[in-house]
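Q: Going down the list, the sequences are from chains A and B.
Taking the working numbering, I'd label the letters of the first sequence as residues 53 to 442.
Taking the working numbering, I'd label the letters of the second sequence as residues 476 to 550.
Below you'll find the structure I mean.
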Amino acid sequence: MHHQPESIYLDNAATSWPKPECVPSAMLNFLTNVGANPGRSGHHLSIQAGRIINATRESLCTLFGADDPLKVVFGPNATEALNLALLGLVDPGDHIITTSMEHNAVMRPLRRLEHHGVRLSVVTCDPTGLVDPTDIQKQILPNTKLIATSHASNIVGTLQPIAQIGRIAREHDLLFLVDAAASAGCVPIDMKSDKIDLLAFTGHKSLLGPTGTGGLLIGDRVDATSMRPLKRGGTGSNSASEEQPGHLPDAFESGTLNAVGLAGLCAAVDWIREKDVAKIRRHHQKLTQILIDGLATTDGVTVYGPGRSDRQTTTLSFNLNNMQPSEAGYLLDTQYKICCRVGLHCAPSAHRTIGTYPKGTVRFAPGMFTTMDHIETALRAVANLTRIKP
Amino acid sequence: MNAATYTVILFHTSNHAFRAEKVLKDQQLVCRLIPVPRHLSSDCGVCARIDGDQAQTIENILIQANVEYASIHII
């Protein structure tokens with residue numbers, strides 16, 4: 053029988069796959085044995101669903117060093133969480149500071165606010181994608197309200213010094229919003245020691261949960277009562293009133309939650325806590341360094357980003373000098389069954405920062421279940437592609 | 476003989492009820508989530524029921540844990 057090579061999934065920065073076995077199991081269990089709407093009814097199945105949602109809030113708080121599970125607001129993804137924080141808190145006349153490495157999930161809401169009387173400063177990062185916290189500090193004005201930065205770049209994995217930025221924010225009495233879409237679950241985050249006021253996460257990337265889950269953790273320094281919800285509607289509470297309730301998390305969770313997705317996320321977060329994020333991080337660094345070194349020593353390959361596994365996530369970008377990223381992606385997929393993402397990765401300003409606009413890059417993002425064999429096969433495949441005549 | 480006394484806590488939202496259940500359980504207080512008794516009005520479908528008159532203990536625990544509640548009743 054002809055041997056079919058297995059697929060090598062290096063697109064974990066888009067969404068992680070596969071998931072730990074407990075994730076689909078928890079979702080199947082929810083659909084099969086629980087099924088009810090959390091927080092809408094008083095019967096035992098609804099109560100069971102509500103307990104699962106609450107357990108998810110508690111587990112995320114433990115993972116991220118937050119105190120109050122009722123200040124975990126669920127939504128479909130990090131994008132909605134970032135929109136909630138930015139559109140909910142920022143008013144005309146306010147000044148916001150962000151970096152040139154942001155994903156469009158941060159940049160587009162900010163550009164929209166800019167059209168409505170908000171002043172925006174975008175701090176340029178160095179070509180590896182790293183921001184200098186003192187450059188952020190220099191931008192602070194009397195009307196600055198908030199600093200918004202990603203924790204990790206979705207293109208080159210660059211980790212920002214969030215604890216330092218958090219300290220600057222605290223010293224100047226500013227709010228600090230962190231986009232942890234590319235780091236939650238694979239890099240340690242502690243809202244207290246990193247001085248994060250608002251933490252936006254997605255469930256389906258390195259948290260290993262299903263798509264359609266994400267949320268915002270709101271810290272004590274945020275006046276949540278003055279935060280505008282993105283949507284208003286049924287919450288299962290204050291049902292006699294036609295006004296949106298003010299208490300958290302209901303104020304920001306109108307409509308039935310993705311309970312089956314959150315059941316999966318709960319299992320995923322528990323699994324990650326059991327494995328320990330610090331240990332996961334060490335394992336990832338080992339794989340990443342081998343990948344970086346292998347690519348960097350392959351003739352005809354340009355690697356972008358920090359080039360050091362201790363300064364980035366598993367996500368990295370490169371280009372082949374003899375072909376466009378799209379062609380490389382097509383050949384990797386069809387000839388080697390390697391799944392990766394190519395082109396521009398939803399962050400035009402970040403591509404300009406690292407010098408890959410408008411060409412884009414080939415992005416490899418190993419994940420929790422990537423093996424050394426996968427990395428070696430991928431490196432051989434890239435080396436083969438460099439030998440193709442342009 | 477009187478029927479056994481119990482404490483009922485009402486919440487503005489079931490999210491608070493589920494959080495309270497966990498917080499009370501962590502303090503070894505056995506708590507059951509039940510549909511809100513008819514004679515007590517409430518905004519949400521479930522309330523917490525604990526055997527005995529535990530109002531003061533419960534109040535302390537919930538305030539300590541930052542869990543909002545609507546009212547406490549001894550029944």
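No residue lacks a Cβ here, since even glycine has one placed at the ideal position from N, Cα and C.
1. Can you name the start and end residues of the beta strand (DSSP E) that residue 369 of chain A belongs to?
2. I'd like to know if residue 514 of chain B contacts chain A, where contact means its C-beta is closer than 8 Å to some C-beta of that chain.
3. For a contact defined as C-beta to C-beta under 7 Å, what are the partners of residue 494 of chain B on chain A?
4. Counting contacts by CB-CB distance shorter than 8 Å, is residue 482 of chain B in contact with chain E?
5. For residue 161 of chain A and residue 140 of chain A, what's the separation of their Cα atoms in angstroms?
6. Is there at least one Cβ from chain B nearer than 8 Å to residue 111 of chain A's Cβ?
7. On a Cα-Cα basis, can you pick out the residue from A:176, A:197, A:239 and A:337 that is closest to residue 203 of chain A?
8. Which ranges would you report for the alpha helix (DSSP H) in the segment 54-95 of chain A if only whole runs of at least 4 residues count?
9. Helix, strand or coil: how does DSSP classify residue 546 of chain B here?
10. Can you check DSSP and say which residues form a bridge with residue 361 of chain A?
11. Round the Cβ separation of residue 394 of chain A and residue 381 of chain A to the nearest angstrom and send it over; I've been treating them as touching at under 8 Å.
12. On a Cα-Cα basis, can you pick out the residue from A:300, A:199 and A:150 that is closest to residue 126 of chain A?
13. Which chain A residues sit within Cβ distance under 7 Å of residue 508 of chain B?
14. Using a beta-carbon distance below 8 Å, is residue 541 of chain B in contact with chain A?
15. Would residue 450 of chain A and residue 121 of chain A be called neighbours here (beta carbons separated by less than 8 Å)?
16. Mapping the DSSP letters down to three states, classify residue 119 of chain A as helix, strand or coil.
17. Could you check if residue 107 of chain A is buried or exposed, using at least 16 other CB atoms within 10 Å of its CB as the buried criterion?
18. Does any residue of chain B have a CB that is nearer than 8 Å to the CB of residue 302 of chain A?
19. If we call anything under 8 Å between Cβ atoms a contact, is residue 549 of chain B one with residue 523 of chain B?
20. Give, in chain order, every unbroken run of the beta strand (DSSP E) that is at least 3 residues long and sits entirely within the segment 136-199 of chain A.
21. According to DSSP, simplified to helix, strand and coil, what is residue 476 of chain B?
22. What's the gap between the Cα of residue 510 of chain B and the Cα of residue 326 of chain A?
23. If you measure from the beta carbon of residue 145 of chain A to each beta carbon in chain B, is any gap under 8 Å?
24. Between residue 485 of chain B and residue 175 of chain A, what straight-line distance do the alpha-carbon atoms span, to the nearest angstrom?
25. Residue 528 of chain B by DSSP, collapsed to three states: which one?
26. For residue 535 of chain B, count the other beta carbons within 10 Å of its own beta carbon; 16 or more makes it buried, fewer makes it exposed. Which is it?
27. CB-CB under 6 Å to residue 53 of chain A, same chain, minus the five flanking residues each way: which ones, in chain order?
28. What residue does the beta strand (DSSP E) around residue 356 of chain A start on, and which one ends it?
29. Give a yes or no on whether the minimum CB-CB distance between residue 290 of chain A and chain B is below 8 Å.
30. Specify the secondary structure class of residue 114 of chain A as computed by DSSP and reduced to three states.
31. Quick one: what does DSSP say residue 109 of chain A is sitting in, helix, strand or coil?
A: From the atom records:
1. If you look at residue 369 of chain A, you'll find it in the beta strand (DSSP E) that goes 368-372.
2. no
3. 106, 121 and 122
4. Absence of chain E from the displayed structure is noted, the protein chains being A and B.
5. 11 Å
6. no
7. Cα-wise, what sits closest to residue 203 of chain A is A:239.
8. 74-81
9. strand
10. Partner(s): none; residue 361 of chain A has no beta bridge.
11. Right, the Cβ-Cβ distance comes to about 3 Å (below 8 Å), so this counts as a contact.
12. Put simply, of A:300, A:199 and A:150 the residue whose alpha carbon is nearest the alpha carbon of residue 126 of chain A is A:300.
13. 99
14. yes
15. The requested residue 450 of chain A is not part of the displayed model; chain A covers only 53 to 442.
16. coil
17. buried
18. For residue 302 of chain A, the nearest CB of chain B lies under 8 Å from its own CB, placing it at the interface with that chain.
19. no
20. 147-151 and 171-175
21. Note that residue 476 of chain B has pLDDT 43, beneath the 50 cutoff, so the model's placement of it is unreliable and no number is given.
22. 35 Å
23. no
24. 49 Å
25. coil
26. Note on residue 535 of chain B: under 16 other CB atoms within 10 angstroms of its CB, so exposed under the neighbour-count rule.
27. Note that residue 53 of chain A scores 49 on pLDDT, short of 50, meaning its location in the model is unreliable and no value can be drawn from it.
28. 353-356
29. At least one chain B Cβ lies under 8 Å of residue 290 of chain A.
30. helix
31. Residue 109 of chain A: helix per DSSP, three-state reduction.
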